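Visitor: Got a structure here, written out as structure tokens. Questions coming.
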Amino acid sequence: MLKLLMLMFIACSQDNAHVSVVQTDNLQTKTDTGRIEHYRVPYFVDDINNDQKGDSVYVIYDRRIRADSSIEKECVSKSCEVTLKFTGNIPDLVISPSLSINVQKADDLNGDKTNEIILFSEWVEGWWGYIYVWTYKNGTWEELARTKAFLSEDEDWEGRVIKENDEYYLLGDGWDNDTGVTERSIRVKIE
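Whatever position you read off the sequence shown (first residue = 1), add 2 for the numbering used here.
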């Protein structure tokens, strides 16, 4: 166990140029109602701090696993947050409430000459979650756009940012009481 923790620390401490593919670490803690798995999922997000080097992020969260090995869709901690730890001296980003986060790199969407990231946040309401666009500018994180979406398959994550008349929009899903989910019916301007 100590060896695994040391490897995790070394992976976090290394310069991105020396870190290759890192697999998800699933550390387990037993509880009376199942076990808690600690996830650390890596993503490559390209250059988000404009230092001409590629950056990576590690998405860190806990999940409760039932005795039948299914995942419980509930908050494990009172804060119900997911921490995103970045390489390259970029400060952490904490999203709350959230059960887990998937990350996509994006091009420069706001004209600041750095790439943005798109976050897909999982929540307890079925497959509904938030989609965020974040930028890292002048040493701080700034949320550029947010909307809700129904994310059930990987393809639901694709095409969520569109460009119209030289402006970018984040597409979300709405709800109609008669027909259900109205896919990509919400447009939020990325500022």
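No residue lacks a Cβ here, since even glycine has one placed at the ideal position from N, Cα and C.
None of the values given here were measured: they were computed from a predicted structure.
How long is the line joining the alpha carbons of tryptophan 177 and aspartate 64, rounded to whole angstroms?
Guide: One C-alpha to the other measures close to 30 Å.
Visitor: Helix, strand or coil: how does DSSP classify tryptophan 159 here?
Guide: helix
Visitor: Mind checking isoleucine 103: buried by the 16 CB within 10 Å criterion, or exposed?
Guide: Classified as buried, isoleucine 103 has 16 or more neighbouring CB atoms from the shown chains inside 10 Å of its CB.
Visitor: Please check the pair tryptophan 143 and leucine 95, which I expect to be a contact at CB under 8 Å, by giving their CB distance rounded to whole angstroms.
Guide: 5 Å
Visitor: Note down, one range per segment and in chain order, each beta strand (DSSP E) of at least 3 residues found wholly within the region 87-129.
Guide: 95-97, 102-108 and 118-124
Visitor: Nearest to tyrosine 41 by CA position, among Gly56, Tyr60, Asp53 and Asn52, is which residue?
Guide: Tyr60
Visitor: Considering lysine 191, what are the terminal residues of the beta strand (DSSP E) in which it resides?
Guide: 182-191
Visitor: Looking at tyrosine 45 and asparagine 112, is the spacing between their C-beta atoms short of 9 Å?
Guide: Judged by their CB atoms, asparagine 112 and tyrosine 45 are not nearer to each other than the 9 Å cut-off.
Visitor: Determine the contact status of leucine 172 and threonine 137, defining contact as a CB-CB distance below 9 Å.
Guide: no
Visitor: Excluding the 5 residues flanking valine 135 on each side, which residues of the same chain have their C-beta closer than 6 Å to its C-beta?
Guide: Excluding the 5 residues flanking it on each side, valine 135 has same chain C-beta neighbours closer than 6 Å at Glu118, Ile120, Leu146, Ala147, Leu172 and Ile192, in chain order.
Visitor: Can you tell me whether DSSP reads leucine 146 as helix, strand or coil?
Guide: Three-state DSSP puts leucine 146 in a strand.
Visitor: Just confirm the distance between the C-beta atoms of glycine 174 and valine 190, as a whole number of angstroms; I'd bet it's less than 8 Å.
Guide: With 8 Å as the limit, glycine 174 and valine 190 qualify as a contact, their Cβ atoms being about 7 Å apart.
Visitor: Does the Cβ-Cβ distance between serine 100 and glutamate 83 come in under 9 Å?
Guide: yes
Visitor: Give the DSSP-derived three-state secondary structure of aspartate 70 in the structure shown.
Guide: coil
Visitor: Whole angstroms are fine: how far does the CA of aspartate 57 sit from the CA of aspartate 49?
Guide: 5 Å
Visitor: Might you give, ordered along the chain, the residues of its own chain that have their beta carbon closer than 8 Å to the beta carbon of alanine 69, omitting 5 neighbours on each side?
Guide: Gly36
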